[in-house]
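Here is the structure we will look at.
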Amino acid sequence: MASLSGTMQSQALELKAMHQFMADNPLASSSVQVTGSQGSQAQASDAQMAQLVEQIIPRGTPDIYGKELGVSFDQPVEGLNILSKFDGDLFPDGKLHYTDLGPNEQARYVKIGFMIACEYCCGVKSLVLSNGKPSCGCAHSAAMRGLAMYLLKNHASEYTNEQILDQLSKWKTLFFPKQTIQKALQLQSQGKGVSAGSLNQLPDMVGGC
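Residue numbering for the sequence shown follows the working numbering, beginning at 24 and increasing consecutively.
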């Protein structure tokens, strides 16, 4: 069983450094290259980058659970720390477990977990297995699972599956800003619209933590 503080230390430092870099250099590169399916490369101007960042990077405090949990989209590292602590199926000291959910909420949890993944870090294709257990041991996926369990446990009637998925996608964007922007640029180069759903439908980037 993983240790919460040990697993998260390096990931939190990397995430903090990335967001500090973005804050100091919002348009750090004059262009970003994206390789499409035909191997061609597309360049994004500073204006495109600024527009994409404004469009897909969430800001402010999430409705309902934001104040309850003390999390803000403007503080992704703190959010990672707080939300990860709800995943009791991964961490011994986690606050919630799959078995804490009712049968209907368990089914919803698995369905949602199969619609999103932490592919940038671990290369997996879902957050959970069919039995509700974690399919990935990184803090990013723990945070998304923790939030999903919290919302299903405390606000199941206030959120549809799609709305919960949307919240998970927003945090995933904050956890992986560079990769998300690259995906958005790939969509634009293909003449497609950019949304949380369309970003999740692009091919996974396989890698390891």
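Here a beta-carbon is modelled for each residue, glycine too, at the ideal position from N, C-alpha and C.
Checking the sheet assignment: what are the DSSP bridge partners for Pro85? Bridge partners of Pro85: none, in fact.
Tyr173 and Leu119 - do their beta-carbons sit closer together than 8 Å? In this structure, Leu119 places its C-beta atom within 8 Å of the C-beta atom of Tyr173.
Only counting the same chain, and skipping five residues up and downstream in sequence, which positions put a Cβ closer than 6 Å to that of Gly125? none
Expressed to the nearest angstrom, what Euclidean distance is found between the alpha-carbon atoms of Asp86 and Ser212? Each residue's alpha carbon lies about 33 Å from the other.
Can you give me the Cβ contacts of Ser158 inside the same chain, cut-off strictly under 7 Å, excluding the 5 residues immediately before and after it? Val147, Ser149, Leu150, Val151 and Leu152
If I measure Cβ to Cβ from Phe137 and keep anything under 6 Å in the same chain, skipping five residues before and after, which residues do I get? A distance below 6 Å between beta-carbons, with the five flanking residues on each side excluded, links Phe137 to the following residues of its chain, in chain order: Ser149.
From Ala70 to Asn127, what does the alpha carbon distance come to, in whole angstroms? 46 Å
Can you tell me where the alpha helix (DSSP H) holding Asn154 begins and where it ends? Looking at the DSSP string, Asn154 is not in any alpha helix (DSSP H), and its letter there is neither H nor E.
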